[in-house]
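Student: Numbering (the UniProt record's numbering), first residue to last: 1 to 71.
Ideal placement from N, C-alpha and C gives every residue a C-beta, glycine not left out.
Remember, it's a predicted structure, so these values are computed and weren't measured experimentally.
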């Protein structure tokens, strides 16, 4: 989260500047629903990491990339 991108984040605050978006979302979900199990990863998704990331059959996967070239 950067200071200039705060207006695009539904759950981030100034205290979150410098924190990866995935970790901000994990913190937010934990605050509103502590029983929710969140495996937040700051990790590049590609063919070599696919099994590690999706191997546990997650219920939801959030893509927290905002750079279209990276996507």
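Among the residues of its own chain, which have a CB less than 6 Å from the CB of residue 36, if the five just before and after it don't count?
Tutor: These residues qualify, in order along the chain: 29.
Student: At a Cβ threshold of 7 Å, is residue 13 touching chain C?
Tutor: Of the protein chains in this structure there is only one, and it is not chain C.
Student: Need the endpoints of the alpha helix (DSSP H) that residue 78 sits in, please.
Tutor: In the structure displayed, the chain extends from 1 to 71; residue 78 sits before or after that span and is not available.
Student: Tell me which same chain residues have a C-beta within less than 6 Å of the C-beta of residue 64, skipping the five on either side of it?
Tutor: Contacts found: 21, 22.
Student: Please report how far the alpha carbon of residue 39 lies from the alpha carbon of residue 14, in whole angstroms.
Tutor: Distance between the alpha carbons of residue 39 and residue 14: 23 Å.
Student: Mapping the DSSP letters down to three states, classify residue 6 as helix, strand or coil.
Tutor: Three-state result, residue 6: helix.
Student: Taking just the CA atoms, how far does residue 8 sit from residue 2?
Tutor: Each residue's Cα considered, the two are about 10 Å apart.
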